[in-house]
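Trainee: So that we are looking at the same thing, I have put the structure below in structure tokens.
So this is what it looks like as structure tokens:
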């Protein structure tokens with residue numbers, strides 16, 4: 009789980025996983041062992057084996073050991089140093105206590121040890137299982153490669169020019185069951201610890217007698233690189249405490265680490281077998297499996313070992329439902345002290361092959377990228393684990409990868425979140441290879457930020473929303489967005505250089521153009537930005553087709569303020585939009601960026617402010633008159649949107665007046681009562697005649713019978729100097745009223 013998801017040590021999650029073990033009551037935690045953390049002020053803890061059992065010299069603690077019949081007390085992480093600390097928690101101070109048999113009251117035992125004066129806290133020990141489900145059919149294609157856009161990402165390297173994808177300095181630690189490291193498709197990308205190259209021949213393995221083996225010239229019995237592991241030439245075997253992490257004898261569980269290693273670490277472009285996502289990145293096998301037992305043994309020792317010995321990315325395709333504060337501390341140390349990216353499988357659902365909503369560890373811990381599995385076409389096939397702690401959903405079905413060379417020709421297709429996890433680890437390795445100088449946080453977040461959320465378009469069930477992570481990894485987008493900008497056209501503005509003064513581009517006119525470009529959030533800053541303007545239209549003559557832009561940061565915009573495009577429109581151009589093409593470039597060759605945008609240039613016979621649009625059809629003829637007597641004419645007209653409008657000569661709306669129905673007749677205007685002010689008179693289908701002041705306010709109104717749809721006539725019928733209003737109605741009446749809206753006669 010990534011940083012945003014938090015789980016605290018006070019929250020113990022109990023989930024039945026059905027692990028085949030005789031040392032558990034619930035399938036989640038061991039019932040025959042527990043873990044203690046000694047107080048920091050006690051100094052060095054020395055465990056001695058005596059006739060009475062293990063002793064530490066702390067009387068009350070030793071007495072409790074005798075009371076529970078402890079058979080063994082040993083340091084949980086024997087390779088931990090003082091550097092390996094998570095705040096005030098030193099990994100070297102964890103010890104595991106083994107009991108002779110299962111205790112049904114194991115939680116009571118843990119609580120009693122927590123209360124001991126020498127112990128800061130005690131906790132139960134979770135059980136971990138492998139998150140895979142072998143699938144017998146063998147596939148000859150790796151569908152997951154294009155599904156996470158690895159194939160597109162490879163094109164970011166100049167392969168034809170000899171620049172192969174990946175980086176041999178990027179190391180993926182495979183904390184698993186060990187690895188058939190001399191597999192023909194794995195040997196070339198096997199991590200070799202050059203700091204242990206004692207004989208200086210540039211290799212820590214050698215080909216002798218037809219097989220690969222550890223370089224005898226480097227086996228000097230000395231920890232040459234002072235990392236705590238003697239002669240760790242290619243990795244480490246946690247279970248056997250030796251330097252050969254080869255997997256146990258053949259069996260599905262035992263080939264697990266070999267299968268996982270092939271996804272990010274198989275050799276690519278070697279005319280053999282499969283390709284890997286990382287192409288040239290190295291895989292470091294850390295074996296955490298006993299020779300005679302299935303499952304994971306010492307997984308957190310393996311995580312710490314991988315971090316201590318230089319892994320950039322650590323893959324853990326295993327886990328279980330039990331939370332452990334000590335395990336979280338190991339994760340924190342690997343993440344904070346060693347700068348690793350830790351990727352883990354989210355779990356394979358319940359014990360009956362069904363999907364399950366559950367927290368799963370180590371994938372559910374802070375600072376761990378949790379990965380659940382999808383089938384082809386992003387389908388959620390209802391067998392894996394989903395949860396808010398999940399960060400990615402990646403391909404996890406029919407995953408072709410390496411197995412022991414003498415089994416099935418060395419390759420099999422498996423399914424499981426165990427397979428989805430290394431798919432993501434391989435994406436991280438490829439991404440970090442392209443940006444080798446980037447810091448861990450940037451790399452980790454980049455893949456998250458560019459994930460494809462299309463998985464939620466495919467899997468629309470409400471209960472899955474937000475529980476399959478941020479999406480499917482898109483490593484090409486992650487690389488491209490870090491290397492290149494993502495520029496797009498936003499808008500244009502014109503300065504007319506030849507026009508009729510109305511500010512609107514018409515046929516026969518010329519202009520200079522500014523364009524606003526935008527750079528998508530999260531993409532690289534665009535530098536050396538330039539654009540070329542073109543068109544296939546015969547009605548435009550582009551005079552200056554090129555322009556330069558300032559640098560555009562992610563989420564920002566840029567405009568060609570001074571270096572403008574310039575063009576002329578032909579006189580015979582029809583009043584229709586002209587399609588323009590903008591070819592945008594940025595960066596420095598050969599790693600330059602180019603994109604093509606199209607947009608329409610609006611060309612019209614309209615003048616500034618016109619056409620003016622109303623909410624309905626316009627049947628009335630406009631009245632043009634300087635109604636406010638300011639020296640500029642107004643345009644007055646009615647509309648089927650129930651309103652009368654007064655516009656300025658530039659098309660700006662000066663006022664509008666709303667009636668109760670459509671206004672079909674034209675307006676009339678005059679100084680009705682001889683006071684020097686102009687009044688506007690009009691009729692509406694709401695059966696009223698309205699008399700307005702020059703500012704559009706109501707002076708008077710008259711109610712008639714039936715619709716009124718004609719234009720009124722103004723005339724002094726009685727010779728008193730005031731104008732009367734004459735109009736007809738739909739009900740066959742002709743009306744005459746005074747200027748104040750009263751009846752005439």
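Numbering (my numbering), first residue to last: 9 to 753.
Glycine residues also receive a C-beta, built at the ideal position from the N, C-alpha and C atoms.
(1) Can you name, in chain order, every residue of its own chain whose Cβ lies under 7 Å from the Cβ of residue 460, other than the five neighbours on each side?
(2) Determine the DSSP secondary structure at residue 435, reduced to helix, strand or coil.
(3) Helix, strand or coil for residue 584? Go by DSSP, reduced to three states.
(4) Would you report the Cα separation of residue 46 and residue 421, rounded to the nearest angstrom?
(5) Based on the DSSP secondary-structure assignment, which residues constitute the bridge partners of residue 365?
(6) Determine contact between the stretch 319-335 and the stretch 170-189, defined as no fewer than three beta-carbon pairs at a distance below 8 Å.
(7) Considering only DSSP beta bridges, list what residue 746 is partnered with.
(8) Taking the CB atoms as reference points, tell me whether residue 450 and residue 493 lie closer together than 9 Å.
(9) Rounding to the nearest angstrom, what Cα-Cα distance links residue 204 and residue 115 in this structure?
(10) Residues in the same chain with beta-carbon distance under 8 Å from residue 120, minus the five sequence neighbours each way, listed in chain order, please.
(11) Going by DSSP, which residues form a beta bridge with residue 311?
(12) Does DSSP put residue 8 in a helix, in a strand, or in coil?
(13) Drop a sphere of 10 angstroms on the beta-carbon of residue 185, count the other beta-carbons inside from all chains shown, and report buried for 16 or more, exposed for fewer.
(14) Among 406, 311, 687, 567, which one has its Cα closest to the Cα of residue 325?
(15) Let me know if residue 633 comes out buried or exposed under the rule of 16 or more other beta-carbons within 10 Å of its beta-carbon.
(16) Which residue's Cα is closest to the Cα of residue 777: 569, 660, 107, 149?
(17) Would you give the residue range spanned by the alpha helix (DSSP H) that residue 457 belongs to?
(18) Which residues mark the beginning and the end of the beta strand (DSSP E) in which residue 521 is found?
(19) Count the other CB atoms within 10 Å of the CB of residue 427; is the residue buried (16 or more) or exposed (fewer)?
(20) Entirely within the stretch 703-745 and at least 4 residues each: give me those alpha helix (DSSP H) ranges in chain order.
(21) Could you compute how far the alpha carbon of residue 19 sits from the alpha carbon of residue 225?
(22) Taking the alpha-carbon of residue 515 as reference, which of 91, 584, 712 has the nearest alpha-carbon?
(23) I'd like the list of long-range same chain contacts for residue 636, defined as Cβ closer than 6 Å, with 5 residues on each side in sequence excluded.
(24) How far does the alpha helix (DSSP H) with residue 487 in it reach, from first residue to last?
(25) Contact defined as beta carbons within less than 8 Å: I believe residue 110 pairs with residue 328. What is the distance between those atoms, to the nearest angstrom?
(26) Of the choices 601, 415, 221, 166, whose alpha-carbon is the least far from that of residue 266?
(27) Here's a check: name, in chain order, each residue in its chain whose Cβ is nearer than 7 Å to the Cβ of residue 361, leaving out the five neighbours to either side.
(28) Going by DSSP, which residues form a beta bridge with residue 552?
(29) With a CB to CB cut of under 7 Å and the five nearest residues on each side skipped, what residues in its chain are close to residue 247?
(30) For residue 600, count the other beta carbons within 10 Å of its own beta carbon; 16 or more makes it buried, fewer makes it exposed. Which is it?
(31) In chain order, what residues of the same chain have a beta carbon less than 6 Å from the beta carbon of residue 563, not counting five sequence neighbours either side?
(32) So, using beta-carbon positions, are residue 652 and residue 607 closer together than 9 Å?
(33) Where does the unbroken alpha helix (DSSP H) through residue 663 begin, and where does it stop?
(34) Could you tell me which of 86, 89, 98 sits nearest to residue 49, measuring between CA atoms?
(35) Which of the three DSSP states is assigned to residue 161 in this structure?
(36) Between 365, 383, 385, 412, which has its C-alpha nearest residue 398's C-alpha?
Mentor: The relevant details are as follows:
(1) These residues qualify, in order along the chain: 479, 480, 482.
(2) Here residue 435 sits in helix by DSSP.
(3) In this structure, DSSP gives residue 584 a state outside helix and strand, which the three-state scheme calls coil.
(4) So the alpha carbons of these two residues sit roughly 46 Å apart.
(5) In the DSSP assignment, the residues bridged to residue 365 are 394.
(6) Cβ pair count under 8 Å is three or more, so yes.
(7) Beta-bridge pairing links residue 746 to no other residue.
(8) Not a contact, by the Cβ cut-off of 9 Å.
(9) The C-alpha of residue 115 is placed about 44 Å away from the C-alpha of residue 204.
(10) Cβ neighbours of residue 120 beyond the five flanking positions: 72.
(11) Listed as beta-bridge partners of residue 311 by DSSP are no residues whatsoever.
(12) Residue 8 lies beyond the residue range present for the chain, which begins at 9 and ends at 753; the question has no answer from this structure.
(13) Burial call: buried.
(14) If we check each option's Cα against that of residue 325, 311 comes out closest.
(15) Per the 10 Å Cβ criterion, buried.
(16) Outside the shown range of the chain (9 to 753) lies residue 777, about which nothing can therefore be said.
(17) Here the alpha helix (DSSP H) through residue 457 covers 448-457.
(18) For residue 521, the uninterrupted beta strand (DSSP E) run begins and ends at 518-527, by DSSP.
(19) In the assembly as shown, residue 427 is a buried residue. Its beta-carbon has 16 or more other beta-carbons within 10 Å.
(20) None, since the stretch 703-745 contains no complete alpha helix (DSSP H) of that length.
(21) Since pLDDT at residue 19 reaches only 23, below the 50 mark, its modelled position is unreliable, and no value is offered.
(22) Answer by Cα proximity: 584.
(23) Once the five neighbours on either side are set aside, the close Cβ partners of residue 636 are 702.
(24) Here the alpha helix (DSSP H) through residue 487 covers 483-491.
(25) Between residue 328 and residue 110 the Cβ distance is about 17 Å, and since that is not below 8 Å, they are no contact.
(26) The candidate whose alpha carbon is nearest that of residue 266 is 415.
(27) Only 391 meet the Cβ criterion.
(28) DSSP lists 574 as the bridge partner or partners of residue 552.
(29) Within the same chain, residue 247 has close Cβ partners 295, 296, 297, 298, 305, 306.
(30) Classified as exposed, residue 600 has fewer than 16 neighbouring CB atoms from the shown chains inside 10 Å of its CB.
(31) If you ignore the 5 residues before and after residue 563, its C-beta comes within less than 6 Å of the C-beta of 529, all in its own chain and listed in chain order.
(32) No, the pair does not count as a contact, with Cβ atoms beyond the cut-off.
(33) It is not in any alpha helix (DSSP H) - residue 663 instead sits in the beta strand (DSSP E) that spans 661-666.
(34) Nearest of 86, 89, 98 to residue 49, Cα basis: 98.
(35) Three-state result, residue 161: helix.
(36) Answer by Cα proximity: 365.
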